[in-house]
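Per numbering that gives the first Met the number 0, residue 0 is the first one in the sequence shown, and the count goes up by one each step. In what follows, a single structure is set out as structure tokens and then discussed.
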Amino acid sequence: MPHHRATHTTHTTTTTRRRGLFGRKKVVHHQKRHATLGDKISGAMLKLKGSLTRRPGQKAAGTRRMHGTDGRGSHRHY
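Spelled out as structure tokens, the structure:
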């Protein structure tokens, strides 16, 4: 007598959930400025200092300065 495995099919229904207003995801854009050579050097020094002193925040600040995303020059003073 051969052994037959019982097979069964399951039907699943998926529903899409609407999130927020119109359900559209907003892409966040961070204001970027042109990082000068001085910014890159001081950022690298800040990164190194953060690595040596084991301060991740300072290391991250150095990276932001190097990439021009630290927010410097984004606020106008009249």
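Ideal Cβ placement from N, Cα and C applies to all residues, glycine included.
Check	Outcome
Inter-stretch contact at 8 Å, needing at least 3 Cβ pairs: the segment 56-72 / the segment 25-40	yes
Coil, strand or helix - Ser73 by DSSP	coil
C-alpha distance - Asp69 paired with Leu51, whole-angstrom precision	21 Å
Contact under 8 Å by Cβ, Lys39 with Gly49	no
Lys48 CB to nearest heavy atom of the ligand PLP below 7 Å	The model on display carries no ligand, and the ligand PLP is accordingly not part of it.
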